[in-house]
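Protein chains in written order, with my numbering: chain B, 2 to 343; chain V, 2 to 343.
Note that beta-carbon positions come from the ideal geometry of N, C-alpha and C, so glycine has one too.
Number of protein chains: 2
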Amino acid sequence: MRSNGTTPTIDDVAKLAEVSTATVSRCLNTPDSVAKTTRKKVFRAVETLGYTPNFGARVMAAQRTFTIGAIIPTMVNAIFARGIQAFQETLHTRGYTLLVSSHAYCPQMEKEQIRTLVGRGADGVLLIGYERDPQLYKYLEQQGVPALIAWAYAPHINMPAIGFHNRAGMEMLANHVIAQGHRRIAYISGVTQGNDRAAERLAGLQDALRSHGLPIKALHVAETSFKVENGETEMHRIMQTAAPPTVVMCGNDVLAAGALRAARARGLEVPRDVSITGFDDIELARVVTPPLTTVHLPHSEMGKQAATALIDMIEGGPYPAPRALPISVEIRASLGPVPQQE
Amino acid sequence: MRSNGTTPTIDDVAKLAEVSTATVSRCLNTPDSVAKTTRKKVFRAVETLGYTPNFGARVMAAQRTFTIGAIIPTMVNAIFARGIQAFQETLHTRGYTLLVSSHAYCPQMEKEQIRTLVGRGADGVLLIGYERDPQLYKYLEQQGVPALIAWAYAPHINMPAIGFHNRAGMEMLANHVIAQGHRRIAYISGVTQGNDRAAERLAGLQDALRSHGLPIKALHVAETSFKVENGETEMHRIMQTAAPPTVVMCGNDVLAAGALRAARARGLEVPRDVSITGFDDIELARVVTPPLTTVHLPHSEMGKQAATALIDMIEGGPYPAPRALPISVEIRASLGPVPQQE
DNA sequence: AAAGGCAGTGTAAGCGCTTACATTACAACC
DNA sequence: GGTTGTAATGTAAGCGCTTACACTGCCTTT
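Now the structure itself:
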């Protein structure tokens with residue numbers, strides 16, 4: 002046990018303070034268990050040497066990292082940014098650090114990244130949505146790593162989750178749309194395969210149609226990944242059909258922004274000629290012209306609650322039941338009444 | 002408490018593969034130094050057991066964490082998202098993990114987070130811009146943690162950096178603006194205090210004015226933080242002055258999006274009544290109406306190069322000289338010629 | 001006065017891995 | 001055959017910390 006003169010170790014502190022390493026460790030971790038005079042000596046030594054505990058050693062010995070991993074589909078469009086930011090801030094106040102990685106909606110990469118994070122000793126992980134290889138859940142359980150699902154909500158799945166009732170949200174929005182007289186509806190969906198949020202939103206739309214006695218068959222559904230350009234492409238495709246819809250609903254705001262751009266390019270005025278709706282209410286929704294009618298999700302609040310819930314799980318609390326945060330339809334100018342007979 | 006006896010360790014792998022732990026370790030770290038047949042046996046054992054090396058132990062033994070920290074101002078608006086995503090992806094391919102934290106442009110929080118990341122054994126850190134307490138640089142050097150500055154470029158500062166010549170970029174853009182006949186120019190700047198990117202952009206604009214013999218005094222400058230609403234507020238304020246400008250240039254696209262919204266609210270058509278420009282060329286710029294004339298920054302490329310450079314620094318390579326990536330003016334519809342005499 | 005309790009401290013055994021050094025096996029040379 | 005060199009593998013010493021357990025005084029209690 003000797004230090005090579007570089008960074009001070011706990012041994013150096015112990016020597017300088019004339020106590021054992023155990024006492025130094027206790028001063029740092031459970032100060033109450035050390036006599037006041039001893040504590041003072043130790044802290045003085047810590048100060049003098051500029052000692053910082055070695056993280057790796059601490060992890061090894063304590064089997065805890067105070068690190069939480071979040072595996073999100075993407076950082077690029079701001080869908081998750083606000084929620085993750087709030088998550089991180091709350092984590093920080095509780096002394097945890099966040100490790101974020103993104104996988105571009107690739108299940109294989111997601112799997113890999115979950116394993117990496119767990120391997121790095123993440124004390125818990127935040128996952129987006131439910132849908133993934135069940136083996137992964139087994140793996141997490143086996144490793145004793147608590148996982149919290151976010152952004153989604155499925156009361157029948159027995160797994161801690163904090164999210165939004167995507168299906169109900171889209172149904173609410175669709176009700177508004179239908180109330181405006183729209184009957185020829187198209188939907189630009191995100192990829193539903195492996196993405197329960199996207200699937201639920203589509204299902205919500207179908208619920209609304211059904212409850213109004215409208216034929217589901219007539220609903221034109223395009224499916225594409227969440228990118229502005231894709232929304233644009235699909236919008237073009239949709240509008241050049243024989244009987245174009247009077248409203249194009251989109252799986253999220255990003256797609257809707259693309260749809261909006263395509264509409265403009267085609268010389269269509271929104272909502273006079275065609276209405277467009279989004280979902281998520283990210284900043285984008287209020288910045289495009291016209292601003293998007295969309296479903297507002299309380300992202301920051303969810304991030305905060307997710308952080309609290311996950312830490313509680315890690316620290317031995319009971320696993321919470323799935324919880325959905327209240328969401329609301331945000332009516333803005335991109336949705337109008339069905340156009341008069343042209 | 003993780004290891005409930007289930008998690009396989011390197012010993013388990015060694016036993017199953019009938020080799021020593023050293024060989025297992027070598028297979029994982031320097032596969033070339035192991036005979037092919039042995040390697041195969043080991044990997045089969047790894048597969049069978051679902052073994053993942055314990056991070057803490059690895060850190061301890063190797064004195065390396067394979068973790069890189071990025072401390073960014075914010076995750077909320079997408080300014081850094083694309084660059085960080087590319088950074089992360091490149092890091093990932095090289096076996097490193099990214100730890101991101103954001104500090105909402107608060108120097109105190111930034112300091113704290115740098116310390117946290119270093120305390121966690123980050124092998125290197127990515128910092129945005131140059132301007133911060135010099136003590137921090139001393140601290141990093143003392144701790145032996147390489148730091149790379151990104152998003153900014155100051156050739157005279159002797160510090161590894163990969164970024165953009167913000168000043169030159171804004172000058173180029175301003176030249177375009179001036180070439181369109183604009184003389185009454187207003188500028189909505191980000192907060193320049195502690196943000197060299199914002200300061201440089203303003204300086205670039207002033208350079209352009211100067212080189213055209215235009216009075217710098219006449220430039221109306223508003224300073225506010227990078228938020229859509231702030232761009233909006235400032236735009237309103239600017240346009241209700243006695244002699245409103247014919248063009249409002251903005252410190253970034255986010256502010257410009259706000260300015261655009263305000264213009265619309267005031268019944269001004271862009272660019273017929275007033276032109277607006279941005280900076281960054283984030284997705285937002287092409288989504289708003291009209292799309293923003295802005296300065297295009299190759300975010301992804303920068304993220305990639307930053308990752309490579311930082312890893313090279315960590316792995317003992319020479320510290321690179323500051324490097325600026327080529328940027329270009331992106332002309333879109335939000336900039337038009339100066340309006341005719343009203 | 002003896003016994004028991006307890007706060008405060010020390011001792012030392014790991015945590016799971018990497019790697020310097022030691023060892024082995026075998027081919028290539030004299 | 002003996003020597004040497006080399007590639008492949010094994011052995012075991014830590015890396016810096018936490019914590020179970022042991023110990024020491026000293027204060028109560030009986």
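Taking a C-beta distance under 8 Å as the contact criterion, residue 68/B and residue 100/B qualify as a contact pair. Of all residues in the segment 38-60 of chain B, only 51, 53, 54, 55, 56, 57, 58, 59, 60 come within less than 9 Å of chain V when Cβ atoms are compared, listed by chain position. In this structure, residue 288/B keeps its C-beta atom at 8 Å or more from the C-beta atom of residue 298/V. Taken in chain order, the whole alpha helix (DSSP H) runs of length 4 or more contained in the segment 164-241 of chain V are 167-180, 197-212, 229-240. Neighbours of residue 120/V in chain B, taken as residues whose beta carbon is under 7 Å from its own, are 53, 56 in chain order.
In this structure residue 81/V does not touch residue 328/V by the C-beta definition: roughly 16 Å separates them, more than the 8 Å allowed.
Sequence-distant partners of residue 315/B (beyond 5 residues in either direction) whose C-beta falls short of 6 Å from its own C-beta, in its chain, are 124, 125, 147.
Annotated as distal: residue 57/V and residue 119/B, with beta-carbon spacing of 8 Å or more. When 8 Å is used as the limit between beta carbons, residue 86/V is near these residues of chain B: 75, 76, 77, 103, in chain order. Separation of the CB atoms of residue 308/B and residue 161/B is rounded to 13 Å, and the pair is thereby denied contact status at 8 Å. Judged by beta-carbon spacing, residue 131/V lies within the 8 Å limit of residue 153/V, meaning their Cβ atoms are closer than that value. DSSP places residue 68/V in the uninterrupted beta strand (DSSP E) bounded by 68-73.
284, 285: these are the residues of the segment 271-287 of chain B whose beta carbon lies less than 7 Å from some beta carbon of chain V, given in chain order. Not one beta carbon of chain B lies nearer than 8 Å to the beta carbon of residue 146/V.
In chain B, no part has a C-beta under 7 Å from the C-beta of residue 136/V; the shortest such distance is about 13 Å.
Taking residue 140/B as reference, the option from 112/B, 155/B, 121/B with the minimal CA-CA separation is 112/B. Here the C-alpha atom of residue 195/B lies approximately 21 Å from the C-alpha atom of residue 257/B.
Restricting attention to 264/V, 319/V, 255/V, 14/V, the CA atom closest to the CA of residue 245/V is found in 264/V. Distances from the CA of residue 91/B to each of 208/B, 29/B, 302/B, 102/B were compared; the closest alpha carbon is that of 302/B. The segment 249-293 of chain V is shown to contain whole beta strand (DSSP E) runs of 3 or more residues at 276-278, in chain order. Counting along the chain, residue 125/B sits inside the beta strand (DSSP E) bounded by residues 125-129. With respect to residue 44/V, residue 304/V sits apart: the two C-beta atoms are not nearer than 8 Å.
At the C-beta level, residue 144/V and residue 76/B stay beyond 8 Å of one another. When the Cα atoms are used, residue 274/B and residue 192/V turn out to be separated by approximately 41 Å. The beta-carbon separation of residue 83/V and residue 300/V, rounded to 4 Å, stays under the 8 Å limit for a contact. The three-state reading of DSSP puts residue 155/B in coil, since its state is none of H, G, I, E or B. Residue pairing of residue 297/B in beta bridges, as defined by DSSP: 281/B, 329/B. Scanning 28/B, 50/B, 32/B for the CA closest to the CA of residue 10/B turns up 50/B. Interface with chain B (8 Å Cβ-Cβ cutoff): residue 31/V is excluded.
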